[in-house]
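In what follows, a structure is listed as structure tokens, so that the remarks can point back to it.
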Amino acid sequence: MRVELSQAFEKMAGRPCIEISLQGPTPLRDVLGLLARECEAFTKYLLYRDDALLGAHLSVFSSGKFLKLDDPVDHGDTLKLFLPVTGG
Amino acid sequence: MSGYHRKLLRVDLSRSDVRNQELDPEFTDAFMGGAGVAAKLLYDETSPDTDPLSPENLFIAMTGPFTGTKVPSSGRHHIAGRSPQTGIFGEANVGGSWGVMLRKAGYDGVVVTGKADKPVYLAISNDKVEIRDAGEIWGQDAEESAKWLKSKTSPKAASAVIGQAGERLAPIAGVPHIGTLTRAAARTGLGAVLGSKNLKALVAVGNGPVPVADPDGLEQSVKNLLKRITTATETFGQYGTGGGAENYEKAGNFPLKNWQQGRWEGVSKINGVVLHDTVLTGRKGCWRCPIACGRHIKITEGPYAGLEGAGPEYETMGTMGGECLVDDLEAICKANDLCNRYGLDTISTGATIAFAMEAFEKGLITTKDTGGVELTWGNAQALVEMVDKMGKREGIGELMSRGSKAMAEALGHNAGEFAVHVKGLEPSAHDPRRFFSQALSYGTAARGACHNASWSHPYELAMTMPEIGIDEPQDAYQVEGKAAFTATLQNLMCMQDSALLCRFTQIGKAVTVNDVVEWMSLVTGKQWDVESLMKVGDRVFNMKRLYNTRLGISRKDDFLPPRFMTLNREGEDLTNQLPPMGRLLSDYYKHRGWSEEGIPTPQTLSELGIA
Ligand code: SF4
């Protein structure tokens, strides 16, 4: 699967996307762990163990919807990472 | 009950009269402060006949029990009056240092009536209050005026000061607040209320104590929480309110081409990350705010070289950028700066320019009307030129400075079909076809299309607040339960706008309602709980509605404009549904205890103690 990084995350990772191989459907929370293994800068997101906390720092978007930590991600999926809540 | 000076400053400009009035404890028990007390005062002291620009209208600036205390992100206050833009309840909430200075000067709020016979400003310095001549700065922009006002009062002074737009009674004129940073109480045209009173500015400076029942307890409580706040809001503070603009475009929340378009690559050039990486020179925070989401920018090259000051917020990027399809960030910075100087609401200004661009495209206005400006989508220079005309109320700028509803009425033909507003107020940059709570919030907010009245879309994306029954983010398109969800968050926001606490403290559960309960108890010395706080919010929301229903507002006014009710946007992966407003409103009225016409019933008012 492929993780596409928007501006701030691209800078953090030093590349625009990261490829991760999955054996089968994997919950997003585990995918984030794999992402952190590929790129250490993402380790801090592993601290946020509930959607509301993670949602303050990171939005994960795939096929027209935002993913929650328990949502499954599959091998051929593309995830897009964005900065979250805005405005006011 | 502590937490208040119990002192309101009453100013009658027609009689050059300044006096103190006691702030009744029963009043603050019921309405707390800020938005709540302002709504009650406006209801009690004006009538349906009060013209917004008449001496009889009130200009109210109210702090809350948190303002100026050690509660983080509480350097805020609320302004209110009958709106010249919408003709109904007008209000704006603002941060900075002005409210803090007022509290340090010994006041909880200021209420201004009457009209001075020449331009004046109000100088509040501790217990000394003077009405002074402002002839020298009448005609000057807000930033220049604030410098002059500081030189005449104190370097620490904060000014609520209008620019030329307010002086010239532009119905979309806001009130810039300039102290330790520039913040704007922009919405609903209250700058024109000040202009109608010949009141250029209210300047406050003080060094006295702010009353807190248990200062040591509050200090300890806040100290315990600071780490959580800074951690939870780290990303938000770093990139500011515009940080997630790309995310919102991806979500289908970002407004494009006067709310017609589904996708736009231009957002990658005009968001908070780009701002951070290009023109940002520093972060600025309202008083005692550990989040510091304010932007200070400097442009060193190109047509806007030399520009230095407050940078644009997300809403400005959305309205001036997305709605107008302008992908030139520096032009948006320039337009934002002009708005701060002239004292224009950036949301209504950007939205009205987008409306005018569509009118231009449809041939309802031409270059003859615009003074030769090609008002085409994406034309950054035209954006800047139009803001300039609106601030000066020159040429077509005069009509545009009345907002999109008034402009559509003047243009006639089918212009009303693409004028996007609710009750005369243009929406902020959040699409109600993406979040149904947003649709309800736009429909029922007292001031018109206001997302801040519920600030609910984050709770449909990711946020939770179990203390008030939001254990899970609610599905954005879920109709069942949307009324209760939206009303609960509206009550929460009304309470926070009355206590005076920034809503951004909710990001990442930085501050929970339980924390607010604890702080309110420590500040006032009275024991609060979640239920009693939320009841204040409910009461305040209904008080505002009552003000509006007295003016004839009802169900007919709570629908969304045709663009949101009929136009489906298209784009790859775009989630988009037209909000079923009839059903949503009926559910909502029932939940609120209002009639099917949207009027609070006598029983509801009696239960809330505002009958
Ligand atoms: S979070 Fe931003 S708007 Fe809110 S008080 Fe802090 S600096 Fe002001």
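Protein chains in written order, with this note's numbering: chain R, 41 to 128; chain P, 765 to 1375.
Each residue gets a CB set at the ideal place from its N, CA and C atoms; glycine is no exception.
In this text the structure is predicted, and so the values were computed from the model without any measurement.
Query	Result
Is P/Gly839 near the ligand MG - that is, is its Cβ less than 7 Å away from at least one heavy atom of it?	Ligands present in the displayed structure are limited to the ligand SF4, and the ligand MG is not among them.
Using the beta-carbon of each residue, find all residues closer than 6 Å to any heavy atom of the ligand SF4 and list them in chain order.	P/Ser837, P/Gly859, P/Gly1049, P/Cys1050, P/Cys1053, P/Ile1055, P/Ala1056, P/Cys1057, P/Gly1058, P/Cys1266 and P/Phe1268
Could you give the residue range of the alpha helix (DSSP H) that holds P/His1221?	His1221 to Leu1225
Can you give me the start and stop residues for the beta strand (DSSP E) that P/Gly873 sits inside?	Gly873 to Thr877
Whose Cβ in chain R lies nearer than 8 Å to the Cβ of P/Leu990?	Those do not exist, as P/Leu990 stays about 16 Å from chain R at its closest Cβ, beyond 8 Å.
According to DSSP, is P/Val1090 helix, strand or coil?	coil
Would you list the one or two residues that DSSP bridges to P/Met1229?	P/Ile1234
For P/Ala1375, which of P/Gly955, P/Leu1310 and P/Ser1350 has the nearest alpha-carbon?	P/Leu1310
State the CB to CB distance for the pair P/Thr1113 and P/Val1148, rounded to an integer number of angstroms; the pair is presumed to be in contact (CB under 8 Å).	Going by Cβ atoms, the distance from P/Thr1113 to P/Val1148 rounds to 11 Å, so no, they are not a contact pair.
Whether or not the segment 1075-1094 of chain P and the segment 995-1006 of chain P are in contact is what I'm after, with contact meaning three or more pairs of Cβ atoms, one per stretch, closer than 8 Å; do they touch?	yes
Could you tell me whether the Cβ atoms of P/Phe1323 and P/Met1298 are closer together than 8 Å?	no
Looking at the C-beta of P/Met1399, does it have a partner C-beta in chain R at a distance below 8 Å?	In the structure as shown, chain P begins at 765 and stops at 1375. Residue 1399 of chain P is therefore absent and cannot be evaluated.
Which one of P/Ala794, P/Ala1056 and P/Ile888 has the shortest CA to CA distance from P/Thr1269?	P/Ala1056
Would you say R/Thr126 lies against chain P (beta-carbon separation less than 8 Å)?	yes
Tell me whether R/Glu50 sits in a helix, a strand or coil according to DSSP, three-state version.	helix
Going by the DSSP bridge assignment, what does P/Tyr885 pair with across the sheet?	P/Arg896 and P/Ala965
Once DSSP output is grouped into helix, strand and coil, what is the label at P/Ala937?	strand
Quick check for students: name the residue ranges of the alpha helix (DSSP H) that lie wholly in the segment 65-110 of chain R, counting only runs of 4 or more.	68-78 and 91-94
Run through chain R and tell me which residues come within less than 9 Å of P/Phe1328, C-beta to C-beta.	Ordered by position in chain R, no residue passes the 9 Å Cβ test against P/Phe1328, which lies about 18 Å from the chain.
Could you work out which residues of chain P lie near R/Leu93, taking near to mean beta carbons separated by less than 8 Å?	Ala996, Gly1272 and Lys1273
Buried or exposed: R/Arg42, going by 16 or more other Cβ atoms within 10 Å of its Cβ?	exposed
For P/Ser923, list the residues DSSP reports as bridge partners.	P/Ile942 and P/Val967
Are the segment 1171-1180 of chain P and the segment 1120-1128 of chain P touching by the rule of at least three beta carbon pairs closer than 8 Å?	yes
Three or more C-beta pairs under 8 Å: does that hold for the segment 845-864 of chain P against the segment 1032-1046 of chain P?	no
Please compile the residues from chain R whose C-beta is within a distance smaller than 7 Å of the C-beta of P/Ala1193.	Gly127
Would P/Ala1203 and P/Leu1348 qualify as a contact pair, given that the criterion is a beta-carbon distance under 8 Å?	yes
Return the residue from the list P/Tyr1223, P/Ile936 and P/Ala1193 that minimises the CA-CA distance to P/Ala956.	P/Ile936
Between P/Leu1189, P/Arg932 and P/Gly800, which has its C-alpha nearest P/Asp1302's C-alpha?	P/Gly800
Spatial neighbours of P/Val967 within its chain, please: C-beta separation below 7 Å, excluding the five flanking residues on both sides.	Tyr885, Leu886, Ala887, Ile888, Leu913, Thr917, Ala921 and Ser923
Tell me where the beta strand (DSSP E) around R/Thr118 begins and ends.	Thr118 to Phe122
Can you tell me the Cβ-Cβ gap for P/Pro1191 and P/Ala1213, rounded? I've got them flagged as a contact below 8 Å.	4 Å
Would you say P/Pro836 and P/Lys964 are within 8 Å of each other, going by their C-beta atoms?	no
What does a CB cutoff of less than 7 Å around P/Thr814 pick up in its chain, not counting 5 residues either side in sequence?	Glu820, Asn821 and Arg846
Along the segment 1022-1039 of chain P, what residues have a CB closer than 8 Å to any CB found in chain R?	Ser1032, Asn1035, Gly1036, Val1037 and Val1038
Which residues of the segment 844-862 of chain P have a Cβ closer than 7 Å to any Cβ of chain R? Give them in chain order.	none
DSSP on P/Ala996, reduced to helix/strand/coil?	helix
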